[in-house]
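Numbering-wise, my numbering comes out as the position in the sequence shown, counting from 1, plus 19. In what follows, a structure is listed as structure tokens, so that the remarks can point back to it.
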Amino acid sequence: MNVTINRQARDVMADKDELLEQVKSEKPVKNKILSLPFLIIGFLVIVFGAFMLYAMIHQHVTNNSSSSQTSTTTKTKRTSSKYVAGKDYKITYNNQGVIDKATLDKGLKVSYLTDVDDLMDTSSNGSNMAKVEVYYNKDKNLLVERLFENGYKDDEDTHYVAYDLKNQEMFKGSLYGSEYLNQPLVYKWEKLTK
20 MNVTINRQAR
30 DVMADKDELL
40 EQVKSEKPVK
50 NKILSLPFLI
60 IGFLVIVFGA
70 FMLYAMIHQH
80 VTNNSSSSQT
90 STTTKTKRTS
100 SKYVAGKDYK
110 ITYNNQGVID
120 KATLDKGLKV
130 SYLTDVDDLM
140 DTSSNGSNMA
150 KVEVYYNKDK
160 NLLVERLFEN
170 GYKDDEDTHY
180 VAYDLKNQEM
190 FKGSLYGSEY
200 LNQPLVYKWE
210 KLTK
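And the structure:
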């Protein structure tokens, strides 16, 4: 009887070991099946995240480089003229007690008379100027600009324009010599190099 109980106990133990082996072998399969979707989702999240990070960095670098390039180009255009004051051109202000310099400079800027590179440019795209004279007509609140292109003769201007200080725009009416004759010369730009 002892032998029978031992045999039964061994059979039960064997069945138990066999059952444990089955459970152990099934568990990894179930774990693998359950963990596979999580692995795929995790992989996609990582790939998508990396793609988004790359796109954001690339967009940031592109925006910064283009704004930096624009800023640099603008600064270069303003400050690094290839022409030197006193050597290539001369500017004379005679505005003391007549018109304040800020107002005068604003009018000159609107008329593009502060762009020395353009004034000196003799190509078909440039202004090709030899001299610019600006008179202030106090009665009409105008800056009258006499423009002398290279090759002018006998102090005859090539053309003239006016800037309306009151309306802050180029003057749209007809201009006559009386607009600047006997008016104070407040600004003069002259090309010194030939």
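Just so it is clear, CB atoms sit at the ideal spot from N, CA and C, and this is done for glycine as well. Predicted model, so just to flag it, every value in this text is computed and none were measured.
Between the alpha carbons of Y112 and T141, how many angstroms are there, rounded? 25 Å
Confirm, please, whether the CB-CB distance from A181 to L194 is below 9 Å. yes
Which class does E198 belong to by DSSP, given the choice of helix, strand or coil? helix
Contact set for V205: own chain, Cβ-Cβ below 8 Å, skip 5 residues either direction: Y112, N113, N114, V117, I118, L123, V153, Y154, Y155 and L162
Reduced DSSP category for K213 - H, G, I as helix; E, B as strand; rest coil: coil
To the nearest angstrom, how far is it from the Cα of Q88 to the Cα of D137? Any reading at Q88 must be qualified, since the residue scores a pLDDT of 44, below 50, and its modelled position is unreliable; the value itself is stated next. So the alpha carbons of these two residues sit roughly 21 Å apart.
Where in the segment 98–130 do unbroken runs of the beta strand (DSSP E), each at least 3 residues long, occur, reported from the N-terminal end onward? 108–112
Exposure of V66, with buried meaning 16 or more beta-carbon neighbours within 10 Å: exposed
Apart from the five residues just before and just after K120, which ones in its own chain have a Cβ nearer than 8 Å to its Cβ? Y112 and N114
Counting along the chain, where does the alpha helix (DSSP H) carrying D173 start and finish? D173 -> no alpha helix (DSSP H), and no H or E assigned at all.
First and last residue of the beta strand (DSSP E) that includes L166? L161 to E168
Consult DSSP for D183 and reduce its assignment to one of helix, strand or coil. strand
With a threshold of 16 other CB atoms inside 10 Å of the CB of G61, please say whether the residue is buried or exposed. exposed
Between E168 and the rest of its own chain, which residues show a CB-CB distance below 7 Å, the 5 nearest in sequence each way excluded? N147, M148, A149 and T177
Please determine, among G68, K128, V135 and F57, the residue with the shortest C-alpha to C-alpha distance to E209. V135
Between which two residues does the alpha helix (DSSP H) carrying L132 extend? Per DSSP, L132 belongs to no alpha helix (DSSP H) and is neither H nor E.
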